[in-house]
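I have placed the structure first, in the form of structure tokens, so that the comments after it can refer back to it.
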């Protein structure tokens with residue numbers, strides 16, 4: 005990592021660290037929230053700083069094995085934090101929660117920047133610890149235990165896999181290590197048969213931290229950076245097939261859910277499975293499509309989960325069995341929910357369309373049946389999010405009081421929606437950067453296997 | 007300015023006009039400052055008229071240039087390296103359907119401006135209508151399959167949201183969702199066709215697909231048949247052909263002007279137009295031609311039967327329209343392209359007139375009945391057991407809705423519910439949670 009990269013990493017670490025330090029030093033109340041919002045805005049600006057500084061053209065300064073990938077993923081993590089800080093209802097976000105979101109953001113950005121496998125294991129375990137610590141209350145007992153069991157297992161597998169791949173025991177051990185890393189990634193991403201914990205933590209835990217924990221997709225990142233160079237093509241293809249089955253399964257189950265939180269959980273399962281599937285396919289187009297989908301679905305699903313949280317704060321738990329109404333009293337939220345939904349379903353003029361199309365084409369190119377399952381998953385996902393929209397916003401007019409959004413909430417949702425639309429209409433810059441990252445990822449495949 | 011540049015400018019202008027109108031009406035509504043009705047209506051109508059003028063200018067320029075099909079690459083490599091081509095094709099068919107579409111939407115927007123006066127969703131209606139026009143323009147002028155798919159999706163979503171226009175009541179929303187579900191089947195088929203076309207021919211160019219020599223050169227007969235069957239399924243879902251017909255009466259929940267433009271005039275004919283464009287592909291495959299003809303014929307018979315037993319005017323009109331759509335499919339399958347296009351134009355205009363005048367006619371009939379003091383309808387019960395059975399079959403629209411519910415929706419819902427319970431049990435069986443799960447059960 006060069007000096008520019010170190011300066012950038014240090015600048016990125018300051019805002020979330022400031023929030024954590026302020027919490028540790030006992031700053032509380034409104035001042036703390038203002039500090040949180042300010043730091044999140046500064047972080048987004050710092051994350052986007054390399055773009056106007058022309059550091060994008062020569063990503064070698066980053067010293068990252070996947071070239072310019074961190075230049076997309078780091079702003080993505082920063083945006084997720086900004087979205088969280090702006091739109092989480094104050095009743096649901098105390099000072100400790102805000103500090104934890106800063107810690108998760110810091111750890112996610114650290115993961116996306118590091119080329120060291122052991123640091124990645126540390127950051128991975130750190131996010132798990134922060135998530136589990138955020139569910140200390142007895143009401144979240146089940147979510148805490150489920151997450152602890154699954155995530156604990158994933159940390160052990162990841163550490164074992166990294167040990168086997170990095171200690172140079174031999175190609176066979178490296179392949180086993182890659183398999184263990186892929187297993188850890190599958191658990192973290194909720195790939196069949198390790199999927200059950202994701203909807204569970206959405207339903208029975210806190211939905212905001214669940215979204216913040218799931219949206220950056222560290223499992224996918226670990227699979228791409230740590231496992232892909234050592235794994236055999238057959239293993240990668242097996243993971244792809246399992247991920248596509250999961251994508252279809254998650255979308256189908258999301259479509260028939262009765263609870264909005266659980267529905268969000270299955271949508272996360274489906275979308276993150278699609279991303280992982282594309283990254284493990286041998287096609288570069290599928291890989292780039294997956295990288296785009298990573299950003300698009302992460303932002304859109306985090307936004308959708310926050311919309312559900314905002315609605316819950318105003319009118320309690322949201323069932324999908326009936327129509328809750330209130331469209332006329334919260335048009336901005338309904339419009340943003342619609343745009344985020346469209347991005348999830350891959351509607352034209354959203355970023356999801358570009359990613360989805362490229363993924364489908366790449367998957368068909370590899371094996372037509374796989375491509376068709378991506379299409380089916382997309383169709384079910386579209387129906388699931390639209391059903392959610394109809395259920396949450398359509399129906400009676402007198403849907404309770406205090407439904408209008410706060411200015412910060414409107415700004416946060418509006419920003420996410422505009423980003424997804426803007427990048428969908430003018431995706432060339434983003435695609436070019438991710439295409440280079442995809443080329444680097446394809447080049448690295450099998451490199452580990454070739455070692456003596 | 008060269009003739010090519012002038013044509014390109016005119017075609018771009020026909021997209022820009024409704025896009026600007028859409029932005030002008032949608033943006034203030036998003037920021038909770040909706041425009042006054044008069045201004046919003048004027049903007050939309052100006053957008054429609056400008057679009058129509060641009061299309062007529064494009065038609066004139068195209069004719070002067072010799073009338074040969076022209077491909078306009080408006081955004082070559084829009085995403086990267088030409089992977090997504092934003093190509094438009096300008097020829098007689100595309101311009102004809104685009105002009106018809108914009109003219110009809112313009113008439114309907116003028117009608118709706120008064121019909122929906124002071125309606126709560128006034129702005130939402132016009133936003134969706136203009137989005138529909140944009141979708142139709144994309145479908146009409148599509149030169150690459152990505153553009154076609156984008157337009158297809160925009161049309162579908164705007165259509166479903168207009169069915170659910172009166173969203174304070176559950177029935178329209180449920181109908182809107184059901185319509186969307188059928189459209190998604192069509193969209194999935196379209197996307198599959200797009201991906202397979204790229205895979206097999208290495209290009210998404212519709213100019214190639216729409217010319218007989220191009221299609222023959224780029225695709226083997228088997229591949230051509232597979233893509234043609236997928237396109238027939240996509241067209242069938244959009245045009246409510248059997249077995250997708252059940253969404254059509256549900257779509258009547260929307261406002262009458264939207265029913266007129268979508269299910270009387272344009273949306274229902276979009277499938278016919280797609281098949282008309284893809285007829286060189288059909289001609290390569292007897293299987294696809296047979297499928298299109300049989301689906302069209304079966305739909306025509308079914309819809310003709312159902313029309314006669316419907317009790318409300320909108321359902322009756324939409325099934326009448328569907329009867330003609332079925333016949334148009336047969337005509338396309340037989341290779342009668344000009345007849346099919348003229349039939350499409352005639353049916354669209356005639357149904358539009360019927361839909362828009364229906365509320366007035368109903369009003370006049372009610373006035374007349376009030377004056378006469380009784381009903382003027384003279385409906386007799388069908389005589390004979392078979393006639394009664396046929397009547398019941400027609401009245402219940404062939405029991406298709408119930409069959410789909412019983413044979414597809416319910417079994418899938420039950421299977422999914424079982425899987426969901428299994429997932430919950432799996433988590434409940436984890437160490438430390440087994441007791442809680444047992445208590446819960």
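Chains as they are written, first to last, in the working numbering: chain F, 5 to 456; chain C, 7 to 447.
Backbone N, C-alpha and C fix where the C-beta goes; we use that ideal spot for every residue, glycine too.
Just so you know, these numbers come straight off a predicted model, no measurement behind them.
For residue i, which residues in chain F fall below 7 Å Cβ to Cβ?
{"i": "residue 432/C", "result": "200"}
{"i": "residue 422/C", "result": "256, 257 and 260"}
Could you tell me which chain F residues have their CB closer than 9 Å to the CB of residue i, listed as they occur along the chain?
{"i": "residue 93/C", "result": "Residues of chain F passing the Cβ test: none, with the nearest at roughly 15 Å."}
Under the three-state reduction of DSSP, which class applies to residue i: helix, strand or coil?
{"i": "residue 76/C", "result": "strand"}
{"i": "residue 315/F", "result": "helix"}
{"i": "residue 97/C", "result": "coil"}
{"i": "residue 263/F", "result": "strand"}
{"i": "residue 120/F", "result": "coil"}
{"i": "residue 188/C", "result": "helix"}
{"i": "residue 245/C", "result": "coil"}
{"i": "residue 232/F", "result": "coil"}
{"i": "residue 347/C", "result": "helix"}
{"i": "residue 92/C", "result": "strand"}
{"i": "residue 323/F", "result": "strand"}
{"i": "residue 148/C", "result": "strand"}
{"i": "residue 175/C", "result": "coil"}
{"i": "residue 58/C", "result": "helix"}
{"i": "residue 197/F", "result": "coil"}
{"i": "residue 7/C", "result": "coil"}
{"i": "residue 410/C", "result": "helix"}
{"i": "residue 98/F", "result": "coil"}
{"i": "residue 426/F", "result": "helix"}
{"i": "residue 354/F", "result": "coil"}
{"i": "residue 170/C", "result": "coil"}
{"i": "residue 210/F", "result": "coil"}
{"i": "residue 126/C", "result": "coil"}
Enumerate in chain order the residues of its own chain whose CB-to-CB distance from residue i is below 8 Å, with the five nearest sequence positions on each side excluded.
{"i": "residue 361/F", "result": "293 and 350"}
{"i": "residue 252/F", "result": "274, 377, 380, 381 and 384"}
{"i": "residue 159/F", "result": "125, 128, 129, 132 and 188"}
{"i": "residue 364/F", "result": "293, 375, 378, 379 and 382"}
{"i": "residue 144/F", "result": "208, 209 and 210"}
{"i": "residue 200/C", "result": "151, 152, 154, 155 and 210"}
Give every residue of the same chain whose Cβ lies closer than 7 Å to the Cβ of residue i, excluding the five residues on either side of it in the sequence, and list them in chain order.
{"i": "residue 368/F", "result": "375"}
{"i": "residue 32/C", "result": "133"}
{"i": "residue 224/F", "result": "189, 193, 276, 279, 280, 283 and 298"}
{"i": "residue 315/F", "result": "322 and 396"}
Leaving aside the five residues before and after residue i along the sequence, list all residues of the same chain whose C-beta is less than 6 Å from its C-beta, in chain order.
{"i": "residue 78/F", "result": "51, 113 and 116"}
{"i": "residue 63/C", "result": "16"}
{"i": "residue 230/F", "result": "121 and 185"}
{"i": "residue 214/F", "result": "205 and 206"}
{"i": "residue 104/F", "result": "134 and 138"}
{"i": "residue 305/C", "result": "247, 248 and 332"}
By the criterion of Cβ-Cβ separation under 8 Å, what are the contact partners of residue i in chain F?
{"i": "residue 419/C", "result": "260"}
{"i": "residue 478/C", "result": "No answer is possible for residue 478/C: the residues shown for chain C start at 7 and end at 447."}
{"i": "residue 239/C", "result": "Going along chain F, no residue has its Cβ under 8 Å from residue 239/C, so there is no contact; the nearest lies around 12 Å."}
Using the beta-carbon of each residue, which ones in chain C are nearer than 8 Å to residue i?
{"i": "residue 144/F", "result": "In chain order: nothing, as chain C lies at least about 13 Å away."}
Under 7 Å Cβ-Cβ, which residues of chain C neighbour residue i?
{"i": "residue 158/F", "result": "In chain order: nothing, as chain C lies at least about 14 Å away."}
{"i": "residue 379/F", "result": "194, 197 and 198"}
* To do: Starting from the N-terminal side, write out each stretch of the beta strand (DSSP E) that is 3 residues or longer and does not extend beyond the stretch 296-332 of chain C.
  => As far as the stretch 296-332 of chain C is concerned, it has no whole beta strand (DSSP E) run of at least 3 residues.
* Quick one, which residues of the stretch 202-218 of chain F are near chain C if we go by CB-CB under 8 Å, in chain order? -> Those would be 203 and 204, in chain order.
* Asked: Curious, which full-length beta strand (DSSP E) runs of at least 3 residues does the stretch 192-224 of chain C contain?
  -> As summarised for the stretch 192-224 of chain C, there are no continuous beta strand (DSSP E) elements at least 3 residues long confined to that stretch.
* Mind checking the stretch 381-397 of chain F against chain C and listing, in chain order, the residues whose C-beta falls within less than 9 Å of any C-beta there? => Flagged, chain order: 382, 383, 384, 386, 387, 390, 391, 394, 395 and 397.
* Taking any Cβ of chain F, which residues in the stretch 323-342 of chain C have a Cβ under 9 Å from it, in chain order? -> Result list empty, no residue passes.
* Asked: Considering only residues of the stretch 152-189 of chain F, which uninterrupted beta strand (DSSP E) runs meet the minimum length of 3 residues and lie entirely inside it, listed in chain order?
  -> You should have found no qualifying run.
* Name, going along the chain, the residues of the stretch 229-241 of chain F whose beta-carbon falls closer than 9 Å to a beta-carbon of chain C. => Answer in chain order: no residues at all.
* Contact list for the stretch 38-59 of chain C against chain F, Cβ threshold 8 Å -> Result list: 38.
* Which residues, taken in chain order from the stretch 305-339 of chain F, show a beta carbon closer than 9 Å to some beta carbon of chain C? -> Against chain C - using a Cβ distance shorter than 9 Å - the residues of the stretch 305-339 of chain F are 326, 327, 329, 331, 332, 335, 336 and 339.
* Can you give me, in chain order, the residues of the stretch 345-374 of chain C that have a beta carbon less than 7 Å from any beta carbon in chain F? => So the list is empty, because no residue satisfies the distance condition.
* Please name the residues in the stretch 97-126 of chain C whose beta-carbon is closer than 8 Å to at least one beta-carbon of chain F, in chain order. => Answer set for the stretch 97-126 of chain C: 126.
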